[in-house]
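Protein chains in written order, with our numbering: chain L, 4 to 78; chain R, 983 to 1193.
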């Protein structure tokens, strides 16, 4: 039987379907029995879904133009 | 990187055609789109000192070689491969080694901190209840967005790069290993730690309404 500590370490592998053998079954077994870990995994899934939508990685147009200027006229 | 042909969308094909034709606006568009991930990858591979130079060299290589881009991968994958190769080459030239010390030990107070568990490995304290669990509702929290972006900006470089490549850019684990030159097991640890740090931000926000 996995412990809560094991589940905490393996939670991303579980939600990414990155587990093999009997491990997914052992995870499910623990999650059925442990409400705290169920909540933990649920929160991790929400985090994985929400965070990418919060991240704004785009550069401003002015910054992009300044970089292009540098590329076209090095030194 | 994966060599299987990736059909690019019509929009992307048009963008590539414009790039090959030497259209500056198209080039600005890809700078806008990829500069952030390129800097993140360069920092993860060769550290802060060389990252800006490496990215500039990568852009020059992309500008020079775009006409040779055969579309055997997506434009994004091609760009990521170029910056990763530039960073690895710089690292070799400088004979430096960037240690992945962010894989060592557990941050005190993090979910992985051993003190959170009893000797039997079970939780000492219950997992916090979130009063907002709907992703749609969470996305309306502007303050939380600021907290997330602030935390992301201070994540250790390899964690940030692995997280962005996987959860934002949707790259495969195999490709991330190759881009960052780390083992599959380490990529998984880096992504997990980044997610847990970001989850802790949401945890704190749910409890206090602040970062």
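No residue lacks a Cβ here, since even glycine has one placed at the ideal position from N, Cα and C.
message = Let me check understanding here. Comparing Cα to Cα, which of R:1010, R:1025, R:1069 lies closest to residue 72 (chain L)?
response = Taking the first residue of the first chain as position 1, residue 72 (chain L) is located at position 69. For residue 72 (chain L), the nearest C-alpha among the options comes from R:1010.
inquiry  = Below 8 Å, how does it come out for the stretch 1146-1155 of chain R and the stretch 53-62 of chain L: are there three or more Cβ pairs, yes or no?
reply    = yes
Whole-angstrom distance between residue 1191 (chain R) and residue 1052 (chain R), CA atom to CA atom = Indexing the second chain from 1 puts residue 1052 (chain R) at position 70. Indexing the second chain from 1 puts residue 1191 (chain R) at position 209. Between residue 1052 (chain R) and residue 1191 (chain R), the C-alpha separation is close to 49 Å.
query = Cβ atoms of residue 1172 (chain R) and residue 1141 (chain R): under 8 Å apart, would you say?
reply = Position 159 of the second chain, counted from the first residue, corresponds to residue 1141 (chain R). Position 190 of the second chain, counted from the first residue, corresponds to residue 1172 (chain R). Contact flag set, yes.
task = Figure out for me which residue from L:5, L:14, L:13, L:19 has the closest Cα to the Cα of residue 1155 (chain R).
result = In the second chain, counting from the first residue as 1, residue 1155 (chain R) sits at position 173. Of the listed residues, the one whose Cα sits closest to residue 1155 (chain R) is L:19.
message = Does the CB of residue 984 (chain R) have a neighbour CB from chain L at under 8 Å?
response = In the second chain, counting from the first residue as 1, residue 984 (chain R) sits at position 2. For residue 984 (chain R), the predicted model reports a pLDDT of 46, less than 50, meaning its position is unreliable and no value from the coordinates is stated.
task = Pull up the CB-CB distance for residue 1112 (chain R) and residue 1038 (chain R), whole angstroms please, since I reckon it's below 8 Å.
result = Counting from 1 along the second chain, the entry for residue 1112 (chain R) is found at position 130. Counting from 1 along the second chain, the entry for residue 1038 (chain R) is found at position 56. At roughly 43 Å, the Cβ-Cβ gap does not stay under 8 Å, so residue 1112 (chain R) and residue 1038 (chain R) are not in contact.
message = Between R:1134, R:1089, R:1048, R:1117, which has its C-alpha nearest residue 1012 (chain R)'s C-alpha?
response = As a first step, residue 1012 (chain R) is located in the second chain; it is residue number 30 there, counting from the start. For residue 1012 (chain R), the nearest C-alpha among the options comes from R:1048.
inquiry  = According to DSSP, is residue 1099 (chain R) part of a helix, a strand, or is it coil?
reply    = Position 117 of the second chain, counting from 1, holds the residue named residue 1099 (chain R). In the structure shown, residue 1099 (chain R) sits in a strand (DSSP, three-state: E or B).
key: Assigned secondary structure, residue 41 (chain L) (DSSP; H/G/I helix, E/B strand, else coil)   = The residue labelled residue 41 (chain L) in the question sits at position 38 within the first chain. Helix, per DSSP.
message = Can you pull out the residues from the stretch 50-70 of chain L whose beta carbon lies closer than 9 Å to at least one beta carbon of chain R?
response = 50, 51, 52, 53, 54, 55, 56, 57, 58, 59, 60, 61, 62, 63, 64, 66, 67, 68, 70
ask   = Nearest to residue 1109 (chain R) by alpha carbon, out of L:10, L:39, L:48?
value = What you label residue 1109 (chain R) is simply residue 127 of the second chain in a count that begins at 1. The candidate whose alpha carbon is nearest that of residue 1109 (chain R) is L:39.
query = DSSP beta-bridge partners for residue 1105 (chain R)?
reply = As a first step, residue 1105 (chain R) is located in the second chain; it is residue number 123 there, counting from the start. R:1099, per the DSSP bridge assignment.
task = Give the residues of chain R in contact with residue 73 (chain L), contact being defined as C-beta atoms less than 7 Å apart.
result = Translated into the one-based positions of the first chain, residue 73 (chain L) becomes position 70. Simply 1038.
key: Contiguous alpha helix (DSSP H) assignments of at least 4 residues, all confined to the stretch 1006-1084 of chain R   = 1006-1028, 1030-1047, 1057-1075
inquiry  = Taking 8 Å as the threshold (beta carbon to beta carbon), is residue 11 (chain L) in contact with chain R?
reply    = Translated into the one-based positions of the first chain, residue 11 (chain L) becomes position 8. Yes - at least one Cβ of chain R is within 8 Å of the one on residue 11 (chain L).
inquiry  = Any heavy atom of the ligand ZN closer than 7 Å to the beta-carbon of residue 1045 (chain R)?
reply    = Only the bare structure without any ligand can be found here, which leaves the ligand ZN out of the picture.
task = With DSSP collapsed to three states, give me the class of residue 1116 (chain R).
result = To locate residue 1116 (chain R), count along the second chain from 1; it is residue 134. Residue state, collapsed to three classes: coil.
key: chain L contact residues for residue 1113 (chain R), given Cβ-Cβ distances below 9 Å   = In the second chain, residue 1113 (chain R) corresponds to position 131, counting from 1. Neighbours of residue 1113 (chain R) on chain L: none; closest Cβ ~12 Å, over 9 Å.
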